[in-house]
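Protein chains in written order, with the numbering used here: chain A, 1 to 448; chain B, 1 to 349.
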């Protein structure tokens, strides 16, 4: 058994809504809205124009920036509009709108059938880059960059923890796509030149543990690790700490301690990209919550709107108070149902007031629950108080503001119902503005 | 392709027009997380009140109606003070969140049952208005309000505050109006044992609470029951009471004896005075103690050590109240110096 990390919480996981629902594929959408920014890094620029005919898997957006991931058409049809559209992470974003021709034709040469074992390392990396693969857990870090670490790496961790309440997409994927997962893991091992691989799964998913133990039998170096169920078990830094005992240094990356973490969904996408040459055109998304009539795990084309996804689940059974992109702990609240599914959309949740409502905020009573819950060893209460007092620099310098991973444990557990994460996000953005100003000043001085 | 033209389109940050159809649902938008635990401040405070109930009920049976009056006056006056003050100051009303009630109850329980009720009310006023509200209300007070109330009464009416119930002692059939710690201080350990008849009788009385003292502090076993409930429910960390009581035990064993080192009676000292109620209910007052685990241990050990210092060396027979207040004063310093280790900073790789 693996040791646990410090802190963490045990929220009601809400997974029962969709846990036993096999992945379903809704009918092809009439139209898709494909945002040009679905990853961390520079947004892509469309490579198509209005009126162009595109096919499934065809490149429609790219960027010259190093940090980006290419974007592809998810259906075949005509580009009808390129405009600012709602976006689940940044309110609005340039998007390519494709009207389906109903044929769902693959782009030329797709899908391929390659033998990954005969492919060179660089060839595999190129295939991953061409397919525009990003971390599908939600962080959307471009995979081709993560898989070419600048430091020696000796352990690969596949993140199947899925610690966010309600989400079951990764769980279903592990149960239903274990063969592709195995291929994906082997490809990742080859690309990274790493023998040791752990697949971290929380022990509230015993079926997945069992399934993968069977699937990985006889594959050298791979261990399926049953982990304690505790949020945020699936946070990169926690997972590395629990499995390897190593601590990612403050401000550092997993590769600084010789580890690379990839989500299970990403791993399957890597297998598809390398073996069949197909980019991310769809993903598995959990549509759940107590306001959804029939919660489901859906295989959705990128660009399908939340409205269509929820309609396929029978619509609402109750008036939702919040519509979330992602899980309830770190997901983003949406103001419209017209936001499209993106590569990082792990879940769509519609929650009623019964779940989202909490009392009004009151002053901190220093009970220390947030300190106990913080997996990073911070003092969230102080960070929130300093942010309230507008003492932002002190929060950064004395209380390790930027170590916060915004997992939300502190806010969840706070009896005073303080919006600690919100205070912290605010303090971070103010500090970033201050630092940007200082950098600009320094640059100006250097010019003189 | 027309990469450049389209790049310009990106630069022109046009606002998206969400097609909000008529009758569409209005969603609440706020920062994550979107779920919260059920715990509230009010619930915690009432739970602590509840944990004090066994010892409080025992006090009514043992000390009679005056104890009941003092506790009711303490609670009611504290709630009224908080209500009136917050109304007058135009603040959000928190009078019924259980914390004012708790302050009043704890203060009454840590004072003599024969204290005139009006003094209890004045103590409540000092505790709530001066020690708590003038600092900004719950969460901002530096000192434990109940103990500030008690300390203020102690300097204002020292005689009334140290007048205890007259009660028959078991052995010598004499009337005494002193607490066990008083007897120890004035007449020594042998006289103390004699008052109870035997050492075993003394321990039994200290455990059950059939002894003189502040009205709510006597029944060790019922206070333990309440304290253990709070620990079980996670409202109180086990480490604070354990460290404080253990510190008192070790130090009184080492230095509390009349015949040299390690001849003291730690069992008596651990159950005497207000240590049990102080360690479980006052030294665990989250507002006025350090926020980190390590800081709380420093606080508890410090409070225990000061208690022993006052009991053995100081002029007062009992020192729990002052020791906790003194440690309250250094709490901000402890919090500044003792912080948890941030994951990934220093230490092992």
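Glycine included, each C-beta is placed from N, C-alpha and C at the ideal position. All figures in this text were calculated on a predicted structure; none of them were measured in a lab.
When the cut-off is 9 Å and only beta carbons count, does residue i lie next to chain A?
{"i": "residue 337(B)", "result": "no"}
{"i": "residue 171(B)", "result": "Bear in mind that the predicted position of residue 171(B) carries a pLDDT of just 49, short of 50, making it too unreliable to give a figure here."}
{"i": "residue 291(B)", "result": "yes"}
{"i": "residue 128(B)", "result": "no"}
{"i": "residue 318(B)", "result": "no"}
{"i": "residue 19(B)", "result": "Residue confidence for residue 19(B) is low, a pLDDT of 47 falling below 50, so the modelled location carries little weight and cannot support an answer."}
{"i": "residue 92(B)", "result": "yes"}
Please list the partners that residue i has in chain B, where partner means a Cβ-to-Cβ separation under 8 Å.
{"i": "residue 365(A)", "result": "41, 138, 139, 286, 287"}
{"i": "residue 329(A)", "result": "32, 33, 34, 35"}
{"i": "residue 358(A)", "result": "36"}
{"i": "residue 319(A)", "result": "25"}
{"i": "residue 138(A)", "result": "The premise fails here: residue 138(A) is roughly 11 Å from chain B at the closest Cβ pair, so nothing lies under 8 Å."}
For the putative contact between residue i and residue j, defined by C-beta atoms under 8 Å, what is the C-beta separation to the nearest angstrom?
{"i": "residue 310(A)", "j": "residue 332(A)", "result": "At roughly 16 Å, the Cβ-Cβ gap does not stay under 8 Å, so residue 310(A) and residue 332(A) are not in contact."}
{"i": "residue 47(A)", "j": "residue 61(A)", "result": "6 Å"}
{"i": "residue 350(A)", "j": "residue 292(A)", "result": "5 Å"}
{"i": "residue 282(A)", "j": "residue 307(A)", "result": "Between residue 307(A) and residue 282(A) the Cβ distance is about 17 Å, and since that is not below 8 Å, they are no contact."}
{"i": "residue 428(A)", "j": "residue 401(A)", "result": "6 Å"}
{"i": "residue 135(A)", "j": "residue 375(A)", "result": "Not a contact, Cβ separation roughly 19 Å."}
{"i": "residue 146(B)", "j": "residue 117(B)", "result": "17 Å between Cβ atoms; not a contact."}
{"i": "residue 41(A)", "j": "residue 67(A)", "result": "3 Å"}
Determine the closest residue to residue i out of the options, with distance taken between C-alpha atoms.
{"i": "residue 21(A)", "options": "350(A), 375(A), 294(A)", "result": "294(A)"}
{"i": "residue 235(A)", "options": "13(A), 417(A), 27(A), 404(A)", "result": "404(A)"}
{"i": "residue 212(B)", "options": "164(B), 247(B), 240(B), 149(B)", "result": "164(B)"}
{"i": "residue 347(A)", "options": "164(A), 241(A), 363(A)", "result": "164(A)"}
{"i": "residue 397(A)", "options": "115(A), 211(A), 378(A), 91(A)", "result": "378(A)"}
{"i": "residue 75(A)", "options": "101(A), 52(A), 82(A), 262(A)", "result": "101(A)"}
{"i": "residue 6(A)", "options": "96(A), 255(A), 257(A), 247(A)", "result": "247(A)"}
{"i": "residue 62(B)", "options": "205(B), 340(B), 321(B), 231(B)", "result": "205(B)"}
{"i": "residue 243(B)", "options": "294(B), 220(B), 161(B)", "result": "294(B)"}
{"i": "residue 68(B)", "options": "154(B), 39(B), 114(B)", "result": "114(B)"}
{"i": "residue 193(B)", "options": "265(B), 40(B), 307(B), 36(B)", "result": "265(B)"}
{"i": "residue 343(B)", "options": "357(A), 44(A), 254(A)", "result": "254(A)"}
{"i": "residue 329(A)", "options": "195(A), 416(A), 12(A), 2(A)", "result": "12(A)"}
{"i": "residue 261(B)", "options": "250(B), 270(B), 267(B)", "result": "250(B)"}
Which residues does DSSP list as the beta-bridge partners of residue i?
{"i": "residue 260(A)", "result": "156(A)"}
{"i": "residue 197(A)", "result": "156(A), 222(A)"}
{"i": "residue 202(A)", "result": "227(A)"}
{"i": "residue 40(B)", "result": "Answer is none; residue 40(B) lacks a bridge partner."}
{"i": "residue 316(A)", "result": "292(A)"}
{"i": "residue 351(A)", "result": "322(A)"}
Under 9 Å, Cβ to Cβ, is there at least one residue of chain B near residue i?
{"i": "residue 53(A)", "result": "no"}
{"i": "residue 369(A)", "result": "yes"}
{"i": "residue 384(A)", "result": "no"}
{"i": "residue 241(A)", "result": "yes"}
{"i": "residue 112(A)", "result": "no"}
{"i": "residue 286(A)", "result": "no"}
{"i": "residue 12(A)", "result": "yes"}
{"i": "residue 374(A)", "result": "yes"}
{"i": "residue 234(A)", "result": "no"}
{"i": "residue 335(A)", "result": "yes"}
{"i": "residue 247(A)", "result": "yes"}
{"i": "residue 355(A)", "result": "yes"}
{"i": "residue 436(A)", "result": "no"}
{"i": "residue 34(A)", "result": "no"}
{"i": "residue 332(A)", "result": "yes"}
{"i": "residue 316(A)", "result": "yes"}
In chain B, which residues lie less than 7 Å from residue i when you measure between Cβ atoms?
{"i": "residue 416(A)", "result": "41"}
{"i": "residue 412(A)", "result": "33, 35, 36, 37"}
{"i": "residue 250(A)", "result": "342, 344, 345"}
{"i": "residue 322(A)", "result": "27, 28, 34"}
{"i": "residue 421(A)", "result": "31, 32, 33"}
{"i": "residue 429(A)", "result": "The contacting residues do not exist; residue 429(A) stays about 12 Å from chain B at best."}
{"i": "residue 378(A)", "result": "342"}
{"i": "residue 425(A)", "result": "31"}
Going along chain A in order, which residues have a C-beta closer than 9 Å to the C-beta of residue i?
{"i": "residue 44(B)", "result": "365, 367, 415"}
Residue i versus chain B: which residues are under 9 Å apart at the beta carbon?
{"i": "residue 255(A)", "result": "Result: empty, since nearest Cβ-Cβ is about 14 Å, beyond 9 Å."}
{"i": "residue 229(A)", "result": "Under the 9 Å cutoff, chain B gives no residues; its nearest Cβ is about 16 Å from residue 229(A)."}
{"i": "residue 165(A)", "result": "35"}
{"i": "residue 403(A)", "result": "342, 343, 344, 345"}
How about residue i: is its Cβ closer than 8 Å to a heavy atom in the ligand GDP?
{"i": "residue 20(A)", "result": "Within the structure as shown, the ligand GDP is missing, as the structure has no ligands at all."}
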